[in-house]
Every structure is written in structure tokens, then in C-alpha cells.
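Asker: If you scroll down you'll find the structure; I have some questions about it.
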Amino acid sequence: MQLKNIVLFGGGNQAHYTIDIIEKEGKYNIVGIVDSICDIGSDKFGYTVLGRVENLPSLIHDHNIHGGIISIGDNWSRYKVSESVLNIVPDFRFVNAIHPSVVIGNTTKLGVGVVAMAGCIFNPKAVIGDFTFFATGAQVEHDCVVHDYASISAGSVTGGYVTIGKLSAVTLGVTIVDRVDIGTNTVVGAGSLVTKSLPDNVLAYGSPAKIIRNRLLGEKFLK
Amino acid sequence: MQLKNIVLFGGGNQAHYTIDIIEKEGKYNIVGIVDSICDIGSDKFGYTVLGRVENLPSLIHDHNIHGGIISIGDNWSRYKVSESVLNIVPDFRFVNAIHPSVVIGNTTKLGVGVVAMAGCIFNPKAVIGDFTFFATGAQVEHDCVVHDYASISAGSVTGGYVTIGKLSAVTLGVTIVDRVDIGTNTVVGAGSLVTKSLPDNVLAYGSPAKIIRNRLLGEKFLK
Amino acid sequence: MQLKNIVLFGGGNQAHYTIDIIEKEGKYNIVGIVDSICDIGSDKFGYTVLGRVENLPSLIHDHNIHGGIISIGDNWSRYKVSESVLNIVPDFRFVNAIHPSVVIGNTTKLGVGVVAMAGCIFNPKAVIGDFTFFATGAQVEHDCVVHDYASISAGSVTGGYVTIGKLSAVTLGVTIVDRVDIGTNTVVGAGSLVTKSLPDNVLAYGSPAKIIRNRLLGEKFLK
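Protein chains in written order, with this note's numbering: chain A, 996 to 1218; chain B, 996 to 1218; chain C, 996 to 1218.
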């Protein structure tokens, strides 16, 4: 069977592990990388930088591109790139990159543009939004909702009926108890225990997690 | 091959993920749900509520029932239901629901009526008691003993030679170091680090975990 | 296919779970155990104690031994045994024991003499040193370096670009954030959150982890 051709948006480090996932999944053939900074024609992790988002219409034609995925860890940047892609090609097809070891429940709903690294578990009735990112071993319990552009980092786990707002980032080694709602654009710091709901636009951490300060939209959270 | 018929006891949310496990295991055919409150004939997660525990003898006859499993998260309620089932049908056969992703050591001993969600790991020489429940990714290290009706929630891990007493609940994101004994009917709160043994009938939490108060037998611990 | 014969060095409890891994991997046939204390001819977990390290040349001849692995949890002891083996048989071949459930990235580099229990994940571009030990579900993120004779215990996770020094032990349930360097012969206590780099030869723990005291080379860290 002929694999369908896709491109990756973003030639940074996240491209590296996204490539690992896609190669292991064996569903798609990566024709190259679209990036706004890297030199066109340069090599990134074994693949060629084909051009900029503006070049997408001609790239789709030249490389018979079926779809693509955004390989960018920062939630706000992933949002901006998805907007710019859909601005240029409104019906662009975003695919998922789900490591073969990931477990998905029979009633889990998965969006598009989702990247899930090895060992992630999405339980029944969980709703996984579009353009979300899950690092190694992130666990989403039953009846949780992870909104678009949110992320959960390595080793973090939720209880049941947890909501994680749009663009929000649950970082490394976080535990979120049952029935907690985390707002939009909120970041939960590493190793936190979240026992109460958190509002929009805050940075919170600690055990139990406390609000440390407000956060601007688009503020970076990754080191 | 003809799958053997089983019933689930309990039509609440835990039935939902237990169904997911059983369907993925492919060892049993669920003929319906036995529940003390839900309307008989109503639908729960795609299966019909067949009757009450009192109706079990006739249900076994009518549906050619091989066995069953209790899909209830609260440890005390699971205990009470198991007692009432065995009271009515003393030789009732309880089966296990073990997600296909669960890893079991070559010398691990597994009881009956055990529910283990995706990603659980039971290491060699661990002893897993009857009617125990393990949520997503719970890890039981080598030479641990988990007594009957106990539970370990998502993302919790034990060191080696840990004992967890009958009816006790290790909740979400807990770490228990090597050679710690947790008593009977004790609850360890979310995100705790347990560095010393805990007695019977207490609620303990924190890092390190401290005894917060005593607990009555049968007291609820789930939100 | 004829499996290649190996020996285990160390007849203590770690032999038990190492045997479980090797039997599940199905790559090697264990001919017996080499141990400095256990009675020669005695049984350990179903295998016979064949002799001491000093007897290795004749054991290799008599049992057609292809290689071996050290089944000892203490990092310093594992180092000393590896030295004594290589002193007697300089070209001795150390093999790995990697549980079949372990996930390894396409660009991960794996040393020799590595033991990885069920559920471990080694991400792309991680470098896993020789004679390292990883307990249940330990996760090493992308671009990390785990130096020789180091260990990571159950349920511990790292962020990306983390370095763990030679002989150092990350114990149970530890979270290490991105871009942290842990020195040589350092121990991180259970349940810690490591947010800053740690020097050589210290014991550190807490959330965030703080240096508690200095550590001597070869000091025991396991209970």
C-alpha cells in the first residue's frame, strides 16, 4: 500500500520525536518540513526543509501532499502556525501522530493535529481536542476534556472529569485530582498537585498548586 | 470460539471503563448489568440492566452466565456487593478484567474479581488480592502484597516489598517507598509520598504523608 | 533457533526480576548464576548458582557462555562486579535485559549491561550508558544522557536534555525538569522534584530538591 504524503510544520526539536512517532506508526510518508526560519533545502533529522507556509499551495501540488502535522511544543506557536496554514489553504488536512504504544479507549474522541508520544493513555469518554500535544506517558482519565492547543507533559496524570482549557499547559510530573477545571491559557508548573480548579491566564504550581502570577496570552512556558 | 457470558455488577461510571477493558480483552461476552438502583431494562453504556442481585439465580439460568465482575470504584461498596452476591450464589465465579496493555510478571499472583485499567504493571512475586482495583498506569513493584478490596489509582507507584491492607485506597499520583506497610481501611490522599508505614483506619496525605484523621469503616473516599 | 547462553551475576532479589525480563524477551538462555556468597549448587529463582567470578573462564568453557548481565540494584556494587568480571575475562560480553514492553526511540543509543523493567520509555536521541538500571516505568525524555552505572527507579520521569551522572541514583517517583544536570554519585530521594542542577556526591531530596548532605563513593542508597 502506498503511504500518504505529509509535511511537518516546524523544524525544531519537536520535529525529531514527531518523526520517530510517524515512522513507527507507518501510516504516512514524510515528504519534508515546512519552517519559517530554517534554510530551504537544508536537512533536519533526515528530512529536507521544503519551504515556508506561504509556499504550501505549490508544495501540495509538487509533492502530492495529503496533509500535515505541526511539530511545535509551544502551544501558542502551534496555534499561530495552524491559523496561518488554514489562512493559506482553508481546507488543509491535519493528521495525527500517535505512537503505537498509546492506548485509546473505545469511546475516546480524538481531534485532528494531535501528537501523542510513547506510553500515553486516553481513557474512555475522554475528549482530546485539536492540535493538542501529549508528551511521554501522559495519562488522561475517563470523561476528561482537553481543549484545543492544550498540552500535557511527561508523566502527568489526571483524575476523571478533569477539564484542561484551550492553550493551557500541564507540565512535567503533575497530578490533577478528579473533577478539577483548568482555565484557558493557564500553565501548571512541574511536579504540582492540583486539588482545586484554576482560572484562565495564570501560572500555578506547588503541592497543592497555588496561583503564582497572571500570564499573558502567547507568553512562552517552555525552557 | 464461543465467548463465555458474564454480567457486570454496578451500572455506574466504573461500568463504562470496565466494559472498555472486557471488550478489548475479548475473553468474555457481557450479557448485561446487575444493579440495585438502575431501572431494569434500561440501557447503560450499550448494555441492558437485567435485574438485581436477588435475581441472580434466574439470570444465571436464563442467560447461561459463566461468571461476573464488580464494576464499582468504592472499595467498601465493592466489598458489600461481593458479599451479597456470594450470599445468594455461594459458588458464583468472579472473573478478572485486565486491559491487554497490562504487564504481569511471571511469578505474580492474581486473585479473582480484579479490575486493572490500561498501563498497569504488576511485577514478579507481587500478590494481587481479590476484588482489587487498579486505575490507569498503577504500578505494583516486586514482592508487594495488595490485599482484598484495596485500590490503587492512576499514576501511583510502589517500591518493592510494600503491603497495602484490605479495603485501603491509594489514590492518584502517590509514591510509596520500599518496605512500607499500609494498614486496613486506610486512604492515602492524592500526590502523597509515603515514607513510613501507616496504621489501619486513617486518612493520610502530604509529602511525606502524615496522618490527618481517623476513618470509619465504609466511609466514602471518592469525589 | 538456538538461544545464546548467558549467566547472571548476582543471586539476590534483582536476579528475580531480571530473570522475568530475560524469559519474556526470549533472546537468551540463562545457564545459571554467578555469585560471591550464595552456596555453589544452590537454587536461586529456578536457576543454579554455578560459581564465583573467579571461576568464569572455566564456566564459559563448560557452559558455552555467550555473555552475561549483572543483576544487582546497588550502583556501586554493580560497578565493582563489572570491574572484577572484566579483570578476569577482559573481553567478556555484557548483554542487555530489556522488557518487551519497553519503548525505545529510533535514535536512542543504548549501552551494554542495561537492565530495563516493564514500561520504561527511552525517547529519541537519549543516550543510555553501560550498566545502567531502570525500574518499572522509568521514563527518559529526548536528548537526555544517563551515564554508566546510573539508575532510575520506578515511576520517575525526566524532561528533555537532562544529564544523570555516573553511578548516580534517581529513586522512586522523581520528576526532573528539562535541562537539569545531575552530577556523579549523587542520589535523589523518593518523590523529589528536581528543578536545578545538582553537584557530584550529594544526597538531595524534596520539592524542590535540596542538598541534604554529602555522599561517599560506594555508600549504599537502597533500603
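Every residue, glycine too, gets a C-beta built ideally from N, C-alpha and C.
What's the gap between the Cα of I1060(B) and the Cα of I1099(B)?
Answerer: 27 Å
Asker: Keeping to the same chain, check which residues put their C-beta closer than 7 Å to that of K1205(A); ignore five residues upstream and five downstream.
Answerer: Cβ within range, chain order: A1199.
Asker: Do you know offhand how far K1052(B)'s Cα is from D1086(B)'s?
Answerer: Looking at the sequence provided, one finds Pro at residue 1052(B) rather than Lys. Taking the straight line from one Cα to the other gives about 11 Å.
Asker: Consider the Cβ of V1157(C): report whether some Cβ of chain A lies at a distance smaller than 8 Å.
Answerer: Output row for V1157(C): interface = no.
Asker: How about L1188(A) and T1166(A): do their beta carbons lie closer than 8 Å?
Answerer: no
Asker: Would you say L1167(C) lies against chain B (beta-carbon separation less than 8 Å)?
Answerer: yes
Asker: So what does DSSP say about Y1221(C), is it helix, strand or coil?
Answerer: A query on residue 1221(C) cannot be resolved here, the shown segment of chain C reaching from 996 to 1218 and no further.
Asker: Mapping DSSP to helix, strand and coil, what is Y1144(B)?
Answerer: coil
Asker: Which of helix, strand or coil does DSSP assign to Q1009(B)?
Answerer: Correct three-state label for Q1009(B): helix.
Asker: At a cut-off of 7 Å, is V1029(A) close to the ligand HEM when judged by its beta-carbon and the heavy atoms of the ligand?
Answerer: The ligand HEM is not part of this structure, which contains no ligands at all.
Asker: Out of E1049(A), T1102(A), D1057(A) and H1094(A), state which residue places its alpha-carbon closest to the alpha-carbon of E1078(A).
Answerer: Ranking the options by Cα distance to E1078(A), first place goes to E1049(A).
Asker: Do three or more CB pairs link the segment 1148 to 1166 of chain B to the segment 1135 to 1149 of chain C at distances below 8 Å?
Answerer: yes
Asker: Give me the DSSP bridge partner(s) of G1089(A).
Answerer: Per the sequence shown, residue 1089(A) should be read as Phe rather than Gly. G1063(A), per the DSSP bridge assignment.
Asker: Just to confirm the assignment, what range does the beta strand (DSSP E) spanning R1208(B) have?
Answerer: K1205 to N1209
Asker: With C-beta atoms as the reference, is L1045(B) less than 8 Å away from V1084(B)?
Answerer: no
Asker: Return the CA-CA distance between N1209(C) and T1190(B), expressed in angstroms with no decimal places.
Answerer: 21 Å
Asker: Suppose you measure from the CA of L1217(C) to the CA of A1121(A); what does that come to, to the nearest Å?
Answerer: 39 Å
Asker: Name, please, each residue of chain B whose Cβ falls closer than 8 Å to the Cβ of H1011(A).
Answerer: Within chain B, no residue comes near H1011(A); the closest Cβ sits about 25 Å away, beyond 8 Å.
Asker: Which class does I1035(C) belong to by DSSP, given the choice of helix, strand or coil?
Answerer: coil
Asker: Using the C-alpha atoms, what's the distance from F1129(B) back to Q1172(A)?
Answerer: One point to set straight first is that residue 1172(A) is Val, not Gln, in the sequence displayed. Roughly 16 Å separates the two Cα atoms.
Asker: Just how far apart, CA to CA, sit P1119(B) and G1114(C)?
Answerer: 14 Å
Asker: Hey, how far is the Cα of F1004(C) from the Cα of I1116(C)?
Answerer: 25 Å
Asker: Could you work out which residues of chain C lie near S1146(A), taking near to mean beta carbons separated by less than 9 Å?
Answerer: Those within 9 Å of S1146(A) in chain C number zero; the least Cβ separation is about 13 Å.
Asker: Counting contacts by CB-CB distance shorter than 8 Å, is T1131(C) in contact with chain B?
Answerer: T1131(C) has a beta carbon lying within less than 8 Å of a beta carbon in chain B.
Asker: Alpha carbons only, please: which of D1030(B), I1064(B) and G1036(B) is nearest the one belonging to T1013(B)?
Answerer: Nearest to T1013(B) by alpha-carbon distance, out of D1030(B), I1064(B) and G1036(B), is I1064(B).
Asker: Taking 8 Å as the CB-CB limit, is G1062(C) close to chain A?
Answerer: Answer no: the Cβ-Cβ gap between G1062(C) and chain A never drops below 8 Å.
Asker: Shortest alpha-carbon distance to V1110(A) belongs to which of I1017(A), S1037(A) and Y1042(A)?
Answerer: I1017(A)
Asker: Could you work out which residue in P1203(B), G1178(B) and F1126(B) is closest to T1093(B) when comparing CA atoms only?
Answerer: The identity of residue 1093(B) in the sequence shown is Ile, whereas the question assumes Thr. By alpha-carbon distance to I1093(B), the top candidate from P1203(B), G1178(B) and F1126(B) is F1126(B).
Asker: List the residues of chain B whose Cβ lies closer than 7 Å to the Cβ of E1018(C), in chain order.
Answerer: N1101
Asker: Select from N1070(A), G1068(A) and G1062(A) the residue whose C-alpha is nearest the C-alpha of V1090(A).
Answerer: It is G1062(A) whose Cα lies nearest to the Cα of V1090(A).
Asker: State the DSSP-derived secondary structure class of D1015(C), mapped to helix, strand or coil.
Answerer: helix
Asker: According to DSSP, simplified to helix, strand and coil, what is L1167(C)?
Answerer: coil
Asker: Can you check whether the C-beta of S1096(A) is within less than 8 Å of a C-beta belonging to chain C?
Answerer: yes
Asker: May I ask you to report which of helix, strand or coil DSSP gives D1125(A)?
Answerer: coil
Asker: For the alpha helix (DSSP H) that V1172(A) lies in, which residues bound it at each end?
Answerer: Taken as a continuous stretch (DSSP letters only), V1172(A) belongs to no alpha helix (DSSP H), as it is neither H nor E.
Asker: Among N1000(A), G1021(A) and E1020(A), which has the Cα closest to the Cα of G1027(A)?
Answerer: N1000(A)
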